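Throughout the sequence shown, residue numbering follows this note's numbering, covering 31 to 351 in sequence.
One structure is given here, and the rest of the page talks about it.
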Amino acid sequence: MRILSGIQPSGALHLGNYFGMMQKMIAYQEQEELFCFIANYHAQTSLIDGKALAKGTLEAAASFLALGLDPEKSVFWVQSDLPEVQELTWMLSNFTPMGLLERCHSYKDKVAQGIKPNHGLFAYPVLMAADILMFQSDKVPVGKDQKQHLEVARDIAIKYNNEYGEIFTVPEPDIDDDVATVPGLDGRKMSKSYGNTIDLFQEDKALRKQVMRIVTDATPVEEAKNPETCNIFQIYSLFLDVAGRENLKQRYLTPGLRYGDVKQELFEVIRDFFAPFSAKREELLAKPEELRETLALGAEKARRVALKTMRKVRKKGGLIY
Ligand code: ADP
Ligand code: TRP
């Protein structure tokens, strides 16, 4: 089975990215055919500072590799190293009803937040469909927020296939209900755009500061606490197995627990969990030429698959004359 997903290099990676998508992708490489890329064209919809994007791209790639993505076992590349995806986007645009895009929550939410409604932002789901369909992906692991974009990709694939025959695999979303939405410091979805993240790679002091900012209720120390509604508990749980979670739950239900102590513990857990990956990431970033070489090899592998699709769609569309 072919699994594909991408991540935008538009800011620091956080626990939501890791538990919502990256960890799962890395696990897939052991059994399935994994395609994973850094969506830098997509990031241009929110980041116009070219230097920041270039730096973010290398950092996102180093982070994924440090966390365990193996470029030998998977196909790992940077989206813009295969500009063919833009050509496919154009072809798919002609099979994308305006209404389909107008209904997209993500577009409407971004505009409501004050982001300028330009064409890039509007057409974003078509580029995402091209990413997915180009590689004939069977399954796409993403967080819940991307579900509608997957539906758009499926609709476009079906419309195109109706016209030209079975050209594209119709992809299935792969959304894990357990960790579908990792909460942020304030209990809303953890997201860069809400400024409520706990970032994976940062100095200890900055990490501790983020953890200490987790919002809690005002239950007094001497009373039992409710784990289910507590943001610290929800985030801490991501690092615990069933027994560990039960143990923490019992501590919540026993009067005397101090949120400050649990936050300190959680800070240490996060720090220790990511410390080895952080060291590896630094090593990779210290040799950017080697990193670029790894990405170029990945793009070559990806291109071999992409060109098969491109040949078919160019022919069907009448561009080969
Ligand atoms: P952000 O919301 O911070 O901008 P992205 O949109 O770049 O994050 O998300 C990259 C990937 O991580 C996507 O697959 C997305 O669904 C997943 N993801 C992001 N935030 C969360 C979260 N809080 N919980 C679960 N998955 C998430
Ligand atoms: N839009 C996705 C996000 O913000 C990133 C992305 C781009 C993607 N192309 C994709 C995810 C193709 C899955 C498949 O998270």
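Yeah, the Cβ is synthetic: ideal placement off N, Cα and C, and Gly gets one too.
Keep in mind it's a predicted model, so treat the numbers as computed, not measured.
_For Pro318, which residues in the same chain have their Cβ closer than 7 Å to its Cβ, ignoring the five residues on either side in sequence?_
Start at 1 with the first residue of the sequence shown, and residue 318 comes out as number 288. Excluding sequence neighbours, Pro318 sits near Leu88.
*Use the C-beta contact count for Leu314: other C-beta atoms within 10 angstroms, 16 or more gives buried, fewer gives exposed.*
Position 284 of the sequence shown, counted from the start, is the residue given in the question as residue 314. When all chains shown are included, Leu314 counts as buried.
*asked:* Given a cut-off of 7 Å on the beta-carbon distance, is the pair Gly214 and Gly50 in contact?
replied: Reading the sequence shown from its first residue, position 184 is the one you call residue 214. Reading the sequence shown from its first residue, position 20 is the one you call residue 50. Taking 7 Å as the Cβ cut-off, Gly214 and Gly50 do not qualify as a contacting pair.
*Quick one: give me the first and last residue of the alpha helix (DSSP H) that Arg301 is part of.*
Taking the first residue of the sequence shown as 1, we reach residue 301 at position 271. It spans Tyr289 to Leu315 - the alpha helix (DSSP H) in which Arg301 sits, taken as one unbroken run.
*At a cut of 8 Å, does the segment 56-67 reach the segment 282-298 through at least three beta carbon pairs?*
Of all C-beta pairs linking the segment 56-67 to the segment 282-298, fewer than three are shorter than 8 Å, placing the two stretches out of contact.
*Pull up the distance between the alpha-carbon of Ala329 and that of Val105, whole angstroms please.*
As a first step, residue 329 must be located in the sequence shown, where it is residue number 299. As a first step, residue 105 must be located in the sequence shown, where it is residue number 75. Spanning the two alpha carbons is a distance of roughly 8 Å.
*Name the DSSP bridge partner or partners of Phe231?*
The count along the sequence shown starts at 1 and reaches residue 231 at position 201. For Phe231, which the question treats as bridged, DSSP gives no partner whatsoever.
*For Val212, which residues does DSSP report across the bridge?*
Translated into the one-based positions of the sequence shown, residue 212 becomes position 182. Answer is none; Val212 lacks a bridge partner.
*7 Å Cβ shell around Arg301 - same chain, five flanking residues per side excluded*: Stepping through the sequence shown from its first residue, residue 301 is reached at position 271. If we look at Arg301 and ignore the five residues flanking it on each side, its Cβ neighbours are Asp234 and Leu237.
*Buried or exposed: where does Ala187 fall if 16 or more other Cβ atoms within 10 Å of its Cβ makes it buried?*
Within the sequence shown, residue 187 is the residue found at index 157, counting from 1. Ala187 should be labelled buried.
*Drop a sphere of 10 angstroms on the beta-carbon of Trp107, count the other beta-carbons inside from all chains shown, and report buried for 16 or more, exposed for fewer.*
Position 77 of the sequence shown, counting from 1, holds the residue named residue 107. Under this definition Trp107 is a buried residue.
*Kindly indicate which three-state DSSP category Asp247 falls into: helix, strand or coil?*
Against the sequence shown, residue 247 aligns to sequence position 217. Asp247: coil per DSSP, three-state reduction.
*Contact under 7 Å by Cβ, Ile33 with Gly98*: Position 3 of the sequence shown, counted from the start, is the residue given in the question as residue 33. Position 68 of the sequence shown, counted from the start, is the residue given in the question as residue 98. Not in contact: Ile33 and Gly98 (Cβ atoms no closer than 7 Å).
*Hey, quick one: how far does the alpha helix (DSSP H) through Leu283 stretch, first residue to last?*
Position 253 of the sequence shown, counted from the first residue, corresponds to residue 283. Start and end: Val272 to Leu283.
*Quick one: what does DSSP say Phe67 is sitting in, helix, strand or coil?*
Position 37 of the sequence shown holds residue 67. Note: Phe67 maps to strand in three-state DSSP.
*asked:* Taking the straight line between their C-alpha atoms, what separation do you get for Lys310 and Phe304?
replied: Taking the sequence shown and counting its residues from 1, the one referred to as residue 310 is at position 280. Taking the sequence shown and counting its residues from 1, the one referred to as residue 304 is at position 274. Looking at the two C-alpha atoms, the distance is approximately 10 Å.
*What separation, rounded to the nearest whole angstrom, lies between the Cα atoms of Asp291 and Phe297?*
By 1-based counting over the sequence shown, the position of residue 291 is 261. By 1-based counting over the sequence shown, the position of residue 297 is 267. Their backbone Cα atoms lie some 10 Å apart in a straight line.
*asked:* Classify Pro127: buried if its beta carbon has 16 or more other beta carbons within 10 angstroms, exposed otherwise.
replied: Counting from one through the sequence shown, the residue named residue 127 turns up at place 97. Pro127 is exposed by the Cβ-count criterion.
*Using the C-alpha atoms, what's the distance from Gly347 back to Met23?*
Missing from the structure shown is residue 23; the chain here goes from 31 to 351 and no further.
*Cβ-heavy atom distance, Gly150 to the ligand TRP, below 6 Å*: The count along the sequence shown starts at 1 and reaches residue 150 at position 120. Gly150 Cβ: outside cutoff for every heavy atom of the ligand TRP.
_beta strand (DSSP E) runs contained entirely in the segment 73-135, provided each spans 3 or more residues_ = Segments of the beta strand (DSSP E) lying fully in the segment 73-135: 104-108.
*Measuring from the CB of Val241, is there a heavy atom of the ligand TRP at a distance below 6 Å?*
The residue given as residue 241 occupies position 211 in the sequence shown. Not under cutoff, so the answer is no.
*Take the Cβ of Gln116 as the centre, count every other Cβ of all protein chains shown within 10 Å, and call the residue buried at 16 or more, exposed below.*
The residue labelled residue 116 in the question sits at position 86 within the sequence shown. Gln116 should be labelled exposed.
_For Leu180, the nearest candidate out of Gly195, Asn192 and Ile205 (CA to CA)_ = For the purposes of this step, residue 180 is taken as residue 150 along the sequence shown, with counting starting at 1. The candidate whose alpha carbon is nearest that of Leu180 is Ile205.
*How many whole angstroms separate the CB atoms of Met242 and Gly46, which I take to be in contact at a CB cut-off of 8 Å?*
Looking up residue 242 in the sequence shown gives position 212. Looking up residue 46 in the sequence shown gives position 16. Met242 to Gly46, Cβ: 19 Å. No contact.
*Report all residues from its chain with a CB closer than 7 Å to the CB of Val245; omit the five preceding and five following residues, and keep chain order.*
Along the sequence shown, read from residue 1 onward, the residue named residue 245 stands at position 215. Counting only Cβ-Cβ distances below 7 Å, and skipping sequence neighbours, we find Leu215, Asp216, Gly217 and Asn261.
*Burial state of Pro306 (16 or more Cβ within 10 Å)*: By one-based count along the sequence shown, residue 306 stands at place 276. Its Cβ having fewer than 16 others within 10 Å, Pro306 is exposed.
*Say yes only if the C-beta of Met158 is nearer than 6 Å to one or more non-hydrogen atoms of the ligand TRP, and no if none qualify.*
By 1-based counting over the sequence shown, the position of residue 158 is 128. Indeed, a heavy atom of the ligand TRP lies less than 6 Å from the Cβ.
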